[in-house]
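Novice:
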Amino acid sequence: MTQARNVDTGKAMRMGGGMALSKGFVTIVVSTIALIVLCFIFAPSAVTAGSLMGSLPFAAVLAIVGLGQMLVVQQGGFDLSVPGGVSLAVVIATHTANGNDTLLLNAVLFAFGCALLAGVLNGLMVAIFKLNAIVATIGMNTLLFGAVFAVSGGVPRITTDLLAEIAGARTFGIPNSVFFGLAILTLVSFVMKRTVAGRRFEAIGANPQMARTVGLRVEVYEGMAYVMAQLLYCTAGILIAGITREPTAFQGNSLLLPSVAVVALAGVSLLGGRGFPISVVVAAFFLNQLSQFALSIGIPYSAQTIVQALALVFGIGVYSIDWAGRFKNTNQRSTEEENHGNQTA
Amino acid sequence: METRLLKGGVAALALGAACTLGTAASAQDTPSWCGAAKATLALLDGFGGNSWRIVTAEAGREEAARCPNITEYFYADGQGDTQRAISDINSMAARGVDALVVFGDAGPAVLPALTNAYRSDAVVVPYRVNVGGEAGTNYTRFVGASFVDDGISWGNFIAEQFPDGANILFLSGPAGNSQGLQELEGMRQVLDDSYVFLNPEPFAVTNWDPSLTQQVLSAAIAQHDNIDVIVSDFGPSLVGALPVFENFDRSIPTIVTSDGNSLGCFWNENHENHPDFDLFTIETGTDNVRLAVQWAIAEATGGEAPDAEVFISSPFENSVTGEPNPVQCRDDLPGAIYLSSGVPADRQAELVGN
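Order-wise, the sequence lines are chains R and B.
Positions 1 to 345 (my numbering) are the ones given, in order, by the first sequence.
Positions 346 to 699 (my numbering) are the ones given, in order, by the second sequence.
1. Whole angstroms is fine: what's the gap from G605 of chain B's alpha carbon to G481 of chain B's?
2. Using the Cα positions of R274 of chain R and L144 of chain R, report the straight-line distance between them to the nearest angstrom.
3. Is the beta carbon of P555 of chain B sitting closer than 8 Å to the one on T244 of chain R?
4. Can you tell which of B:Q639, B:T602, B:N592, B:V584 has the C-alpha that lies nearest to the C-alpha of E614 of chain B?
5. Taking C-beta to C-beta, are G237 of chain R and L88 of chain R nearer than 8 Å?
6. So which residues on chain R does A480 of chain B lean against when the C-beta distance must stay under 7 Å?
7. So within the region 463–538 of chain B, which uninterrupted alpha helix (DSSP H) runs reach at least 4 residues, ignoring any that extend past its ends?
8. Starting from F419 of chain B, follow its DSSP beta bridges and name the residues at the other end.
9. Run down chain B in chain order and give the residues with a C-beta less than 9 Å from the C-beta of M53 of chain R.
10. I believe R411 of chain B touches N633 of chain B by the beta-carbon criterion, under 8 Å. Please report the beta-carbon distance rounded to the nearest angstrom.
11. With which residues is I600 of chain B paired in a DSSP beta bridge?
12. Can you list, in chain order, the residues of its chain whose CB lies under 7 Å from that of G315 of chain R, leaving out five sequence neighbours each side?
13. When you compare only the Cα positions, how much space is there between T646 of chain B and Q639 of chain B?
14. Can you tell me where the beta strand (DSSP E) holding V541 of chain B begins and where it ends?
15. Taking the alpha helix (DSSP H) that F286 of chain R belongs to, which residues open and close that run?
16. L557 of chain B touches chain R at which residues, Cβ-Cβ below 8 Å?
17. Can you confirm whether I399 of chain B, when its beta carbon is compared against all beta carbons of chain R, has any partner nearer than 8 Å?
18. Tell me the start and end of each unbroken alpha helix (DSSP H) in the region 200–268 of chain R that is at least 4 residues and wholly inside, in chain order.
19. Which class does P300 of chain R belong to by DSSP, given the choice of helix, strand or coil?
20. Between T368 of chain B and C379 of chain B, what straight-line distance do the alpha-carbon atoms span, to the nearest angstrom?
21. So A567 of chain B and S51 of chain R are supposed to be a Cβ contact under 8 Å. How far apart are they, rounded?
22. Quick one: which residues of the region 687–698 of chain B get their C-beta closer than 8 Å to a C-beta of chain R? List them in chain order.
23. Is any beta-carbon of chain A found at less than 8 Å from that of Q428 of chain B?
24. In the DSSP assignment, find the unbroken beta strand (DSSP E) run with N613 of chain B in it and report its ends.
25. Roughly how many angstroms lie between the CA atoms of G489 of chain B and N475 of chain B, to the nearest whole one?
26. Let me see if you follow: with CB-CB separation under 8 Å, is K352 of chain B close to chain R or not?
27. For chain B, find out if any of its Cβ atoms is closer than 8 Å to the Cβ of G50 of chain R; answer yes or no.
28. Tell me which residues share the same chain as P57 of chain R and place their Cβ nearer than 6 Å to its Cβ, disregarding the 5 neighbours each side in the sequence.
29. Using a Cβ cut-off of 7 Å, pull out every chain R residue sitting near P545 of chain B, in sequence order please.
30. So, for M15 of chain R: in the same chain, excluding its five sequence neighbours on each side, which residues have a beta-carbon less than 6 Å away from its beta-carbon?
31. For I174 of chain R, list the residues DSSP reports as bridge partners.
32. How big is the Cα-Cα spacing for L295 of chain R and A309 of chain R?
33. I want to see whether chain R comes within less than 8 Å of G680 of chain B, judged by CB atoms only; does it?
34. Leaving out the 5 sequence neighbours to the left and right, which residues in its chain are closer than 6 Å to M70 of chain R when beta-carbon positions are compared?
35. Taking 8 Å as the CB-CB limit, is I566 of chain B close to chain R?
This is the structure in structure tokens:
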């Protein structure tokens with residue numbers, strides 16, 4: 001794993017920072033524009049104002065969840081506790097408030113408190129105790145769903161009017177959730193690209209051994225990725241609770257695969273390293289619009305799931321596998337074997 | 346002393362009379378499907394984590410309690426985990442429970458466990474979800490719900506309201522689920538070619554998830570200018586999605602579905618602003634389990650077989666005629682209860698945690 005992350009760092013260094021960014025960004029933007037053109041030609045209804053107003057809030061939610069997943073992926077991990085984190089925020093926001101606007105603030109604070117706790121535990125398990133990220137977060141996911149049942153018994157409850165207004169209403173004709181998504185994007189981008197802590201975070205993700213050598217506190221940064229991710233999942237869950245009048249207790253289940261897919265599509269290497277927040281948000285819009293396109297032209301649901309999975313494979317294939325290096329290694333190996341064969345013959 | 350004896354005698358007489366009356370009353374109340382033999386019964390849910398299942402489990406418990414010869418009642422929740430569901434069935438059979446009523450969410454995956462339980466002399470009654478196999482070989486009896494009849498009820502209402510044909514959007518749960526397919530079959534029996542289904546064949550997939558329903562509906566509304574009727578087999582999942590019509594400045598159309606308190610209250614709050622918003626519902630079917638419990642108890646205790654073999658949901662609300670009921674709403678109770686259920690509304694509210 002460490003070797004692989006170093007290989008990726010080498011690639012990023014060879015390509016140069018700006019080049020790597022533009023590759024992921026340009027690919028996803030061009031793909032999105034191509035998709036919009038396809039929509040205009042084959043499914044104009046998917047790009048009407050009404051349709052976008054209906055689907056953009058879900059794109060915003062996916063973008064926020066994707067940004068959380070991106071932070072973890074940057075540290076070479078995977079966060080499989082997305083469904084539990086989002087679902088717990090949804091049920092706390094609806095059940096604790098119980099339709100009463102005055103209890104909403106308490107509910108939101110409680111939800112963030114739980115997210116903080118879950119994030120700290122994830123961070124401790126992965127960064128300090130060096131548990132495999134997939135194993136640790138899948139365990140946390142089960143724990144979070146236990147909490148979901150404890151809070152809700154699995155029963156949905158209608159959201160409060162205030163939360164529906166904050167998350168579900170529109171300002172200047174644009175769904176409020178979109179503004180939340182943009183605000184979080186700005187915050188994540190600023191911290192990651194314009195602060196010392198953010199740059200260290202990326203450097204550690206790219207090459208933790210080197211970062212440790214130069215005296216950076218690798219474990220703290222790695223652990224913080226899980227904490228921040230949970231806080232973002234929580235934000236997404238609270239938004240879902242407002243956007244959907246009566247959300248189920250398992251609302252996060254459908255977000256796991258797309259959360260990884262948008263990170264992969266955005267050009268973030270699944271082996272760790274640099275993050276591309278803007279590309280993640282564009283990828284979330286792309287994936288959401290792809291669903292709307294598929295719905296509009298009547299593609300069956302099964303095909304839509306396959307499309308999501310293919311998007312994930314595409315992202316991994318393009319950005320996370322060092323094809324040139326692999327071919328080079330294979331060629332080298334076969335040449336060596338050939339030489340070895342000649343010598344023994 | 347005499348007085349005490351007399352008092353004691355009177356008390357004993359009174360007690361005896363009360364007991365006799367009580368026995369007579371309970372004998373009168375004991376349903377015919379409750380036989381003379383003693384038995385134990387277990388209700389095994391493949392997934393118990395939503396309000397529909399919570400109310401259903403209570404309906405099953407209530408029904409079993411009507412038979413005094415059921416000496417013990419067990420409930421197990423498979424929590425959506427097939428292995429756990431199978432383990433629950435095996436465990437109840439190993440304990441020697443006489444009758445198992447099973448909601449086989451995992452379908453044919455639980456059939457081998459049911460067959461083993463059946464072969465170990467337990468009465469096994471899967472209900473509502475088809476688990477494959479055959480009655481008499483793999484289990485005692487399957488108590489299904491007639492989703493075709495649900496479709497026919499919906500089709501009849503649509504035909505009455507739109508005699509010249511209509512554009513229909515049909516939403517169901519996961520792709521290929523048999524419930525949706527049977528409902529479509531029922532509607533097609535009643536509605537001719539002048540009724541056009543706008544959704545992809547056989548229905549628009551929503552997984553009964555409100556947020557996916559919202560996205561599906563957004564796409565459908567943008568695509569079709571003239572949706573006359575939306576048919577859904579889980580009414581409450583529409584509540585979050587219907588406000589999408591406001592994004593398009595259009596009235597919510599006629600809704601044909603199953604009942605739920607949140608949907609009834611939503612209609613109350615919104616129908617005046619949406620002139621096309623009529624509502625027709627059938628009972629949501631939380632009482633299907635009662636028929637399954639009756640069959641299981643009849644087989645296990647030697648009682649009379651119930652008359653019905655299949656559960657049929659009756660029409661429940663009709664906002665146009667008010668027959669059999671006008672739209673029902675208890676806004677003092679949670680949205681996630683079902684006023685069509687045999688379980689009293691206040692009891693449901695307690696169970697789902699008001």
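Here a beta-carbon is modelled for each residue, glycine too, at the ideal position from N, C-alpha and C.
Owing to the predicted nature of the structure, the values given are computational and were not obtained by experimental measurement.
Specialist: According to the structure shown:
1. Spanning the two alpha carbons is a distance of roughly 36 Å.
2. The alpha-carbon atoms of R274 of chain R and L144 of chain R are separated by roughly 29 Å.
3. Annotated as proximal: P555 of chain B and T244 of chain R, with beta-carbon spacing under 8 Å.
4. Relative to E614 of chain B, the option among B:Q639, B:T602, B:N592, B:V584 whose CA is nearest is B:V584.
5. Closer than 8 Å, so yes.
6. Chain R residues near A480 of chain B: none, gap ~31 Å exceeds 7 Å.
7. Residue ranges of uninterrupted alpha helix (DSSP H) with 4 or more members, entirely inside the region 463–538 of chain B and ordered along the chain, are 492–506, 523–535.
8. Partner residues in the beta bridge of F419 of chain B, as assigned by DSSP, are B:A387.
9. Among the residues of chain B, those whose CB is under 9 Å from the CB of M53 of chain R are S563, V589, N592, F593, following chain order.
10. The C-beta separation of R411 of chain B from N633 of chain B comes to about 16 Å, leaving the pair out of contact by the 8 Å criterion.
11. According to DSSP, which records beta bridges pairwise, I600 of chain B is partnered with B:I575, B:L624.
12. The beta carbon of G315 of chain R is closer than 7 Å to those of A261, A264, L265 in its chain, skipping five residues each way along the sequence.
13. Going by the C-alpha atoms only, they are around 10 Å apart.
14. Unbroken beta strand (DSSP E) run through V541 of chain B: 540–542.
15. 277–296 is the extent of the alpha helix (DSSP H) around F286 of chain R.
16. Here the neighbours are S254.
17. With its beta carbon less than 8 Å from one in chain R, I399 of chain B belongs to the interface.
18. 208–213, 218–243, 256–265, all fully within the region 200–268 of chain R.
19. DSSP places P300 of chain R in coil when its eight states are reduced to three.
20. Confidence in T368 of chain B is poor, its pLDDT being 44 and thus under 50, which makes the residue's placement unreliable; the coordinate value appears in the next sentence. T368 of chain B and C379 of chain B: Cα-Cα distance of roughly 15 Å.
21. Contact flag correct, Cβ pair sits at about 4 Å.
22. Against chain R - using a Cβ distance shorter than 8 Å - the residues of the region 687–698 of chain B are V697, G698.
23. Reference to chain A is not applicable here, since the protein chains of this structure are R and B.
24. No beta strand (DSSP E) holds N613 of chain B; the alpha helix (DSSP H) holding it covers 606–615.
25. For G489 of chain B and N475 of chain B, the distance between alpha carbons rounds to 7 Å.
26. Here K352 of chain B scores only 44 on pLDDT, less than 50, and its place in the model should not be relied on; the value that follows carries that caveat. Taking Cβ atoms only, chain R never reaches closer than 8 Å to K352 of chain B, which makes this a no.
27. Closer than 8 Å to some Cβ of chain B, the Cβ of G50 of chain R qualifies, so yes.
28. Only residues of its own chain outside the window of five on either side were considered, and among them P175, S177, I243 have a CB closer than 6 Å to the CB of P57 of chain R, listed in chain order.
29. By Cβ distance, chain R contributes G298, P300.
30. With a pLDDT of only 42 at M15 of chain R, under the threshold of 50, the placement of this residue in the model should not be trusted, and no figure is reported.
31. Answer is R:T171.
32. Answer to the nearest angstrom: the Cα atoms are 17 Å apart.
33. Output row for G680 of chain B: interface = yes.
34. Closer than 6 Å at the Cβ level, and outside the excluded window around M70 of chain R, lie V263, V268, G275, V280.
35. With 8 Å as the cut-off, I566 of chain B counts as an interface residue toward chain R.
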